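Novice: Please find one structure pasted underneath; my questions will follow.
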Amino acid sequence: MNDALYELLVARRPKPYDLPVRILIILLIVAVIFFGMPFIGFLAVFVAVLIALAAYYLIFPRLSVEYEYTLLNHDLQIDIIYNRSKRKPRLNIDIQNAEIIAPKDSPRLNSYRAEKVHDFSSGKKNANVYSIMIPVDKKNTCIYIEPDAKMLDQMQQWMGMKMYRD
0 MNDALYELLV
10 ARRPKPYDLP
20 VRILIILLIV
30 AVIFFGMPFI
40 GFLAVFVAVL
50 IALAAYYLIF
60 PRLSVEYEYT
70 LLNHDLQIDI
80 IYNRSKRKPR
90 LNIDIQNAEI
100 IAPKDSPRLN
110 SYRAEKVHDF
120 SSGKKNANVY
130 SIMIPVDKKN
140 TCIYIEPDAK
150 MLDQMQQWMG
160 MKMYRD
């Protein structure tokens, strides 16, 4: 078999609200212990521990996000990795069904309208982000990814004239 497999990992830049969320949760835990002790005693520590566990397992992992692009021939699978440990498959598409693949700010995309937008890029201002316009579940969908040069070369082999590098 001559399958072409390529994987790329892109870390999402921390969003502006990530640090304040962490600080607020820690302040909430301290406040529950400090203000709860005079009223409910040891139960305040128990409640604070429950809040800390919930934050550790439910909230904090969602603040550290990476995207993994796996390109197997013309099938692109995008997984989200939370806290560098928990992987969730997010999207699986056949790029040959795409209408166009072009840089995000390309004027070639002006004639396409997306009903849904998925952003799987790092969020950096100077990143080389590409748009994939493709029908997903009967809706025109725009998918933002951040491929490197090797991934672009492999995508170009399958897309031909529907892919632009401007």
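In terms of numbering that gives the first Met the number 0, the sequence shown opens at residue 0 and continues consecutively. Cβ coordinates follow ideal geometry from the N, Cα and C atoms, glycine included. Note that the coordinates shown come from a computational prediction; the quantities given were computed from them, not determined experimentally.
1. How big is the Cα-Cα spacing for Pro13 and Leu151?
2. Quick check for students: name the residue ranges of the beta strand (DSSP E) that lie wholly in the region 81 to 140, counting only runs of 3 or more.
3. Check whether the Cβ of Ile92 lies closer than 7 Å to any Cβ atom in chain C.
4. From which residue to which residue does the beta strand (DSSP E) around Leu71 run?
5. Under 7 Å between the Cβ atoms of Leu90 and Ile100?
6. Taking the beta carbon of Ser110 as the centre, do at least 16 other beta carbons fall within 10 Å, making it buried, or is it exposed?
7. Would you mind stating whether Arg107 and Tyr163 have Cβ atoms separated by less than 7 Å?
8. With burial defined as no fewer than 16 other Cβ atoms inside 10 Å of the residue's Cβ, what is the status of Ala30: buried or exposed?
9. Under a three-way DSSP split, which group does Ala43 fall into?
10. What residue does the alpha helix (DSSP H) around Leu151 start on, and which one ends it?
11. Could you tell me the boundaries of the beta strand (DSSP E) in which Glu6 lies?
12. Under a three-way DSSP split, which group does Met74 fall into?
13. Once DSSP output is grouped into helix, strand and coil, what is the label at Tyr56?
14. Whose C-alpha, out of Ile25, Pro146, Leu52, Leu8, is nearest the C-alpha of Pro102?
15. Count the CB pairs spanning the region 116 to 132 and the region 11 to 25 that are closer than 8 Å, and state whether there are at least three.
16. Just the Cα atoms here: how many angstroms apart are Asn96 and Tyr129?
Specialist: The answer reads as follows:
1. Position 14 of the sequence shown holds residue 13. Position 152 of the sequence shown holds residue 151. Roughly 26 Å separates the two Cα atoms.
2. 85 to 93, 99 to 102, 115 to 118, 129 to 135
3. Looking for chain C here will not work: only one protein chain is present.
4. As a first step, residue 71 must be located in the sequence shown, where it is residue number 72. Leu71 -> beta strand (DSSP E) spans 64 to 71.
5. Start at 1 with the first residue of the sequence shown, and residue 90 comes out as number 91. Start at 1 with the first residue of the sequence shown, and residue 100 comes out as number 101. Not a contact, by the Cβ cut-off of 7 Å.
6. Position 111 of the sequence shown, counted from the start, is the residue given in the question as residue 110. Answer is exposed; the Cβ neighbour count stays below 16.
7. Locating residue 107 in the sequence shown gives position 108, where the first residue counts as 1. Locating residue 163 in the sequence shown gives position 164, where the first residue counts as 1. Yes. Within cutoff.
8. The count along the sequence shown starts at 1 and reaches residue 30 at position 31. With fewer than 16 other Cβ atoms within 10 Å, it is exposed.
9. Here residue 43 is taken as the residue at index 44 of the sequence shown, counted from 1. Looking at Ala43 - three-state DSSP - the assignment turns out to be helix.
10. Locating residue 151 in the sequence shown gives position 152, where the first residue counts as 1. That run of the alpha helix (DSSP H) goes 148 to 158.
11. By 1-based counting over the sequence shown, the position of residue 6 is 7. Glu6 -> beta strand (DSSP E) spans 4 to 10.
12. Taking the sequence shown and counting its residues from 1, the one referred to as residue 74 is at position 75. A small correction: the amino acid at residue 74 is Asp; Met does not occupy that position in the sequence shown. Here Asp74 sits in strand by DSSP.
13. For the purposes of this step, residue 56 is taken as residue 57 along the sequence shown, with counting starting at 1. Helix, per DSSP.
14. Mapped onto the sequence shown, residue 102 falls at position 103. Out of Ile25, Pro146, Leu52, Leu8, Pro146 has the C-alpha closest to the C-alpha of Pro102.
15. yes
16. Counted from its first residue, the sequence shown places residue 96 at position 97. Counted from its first residue, the sequence shown places residue 129 at position 130. Answer to the nearest angstrom: the Cα atoms are 16 Å apart.
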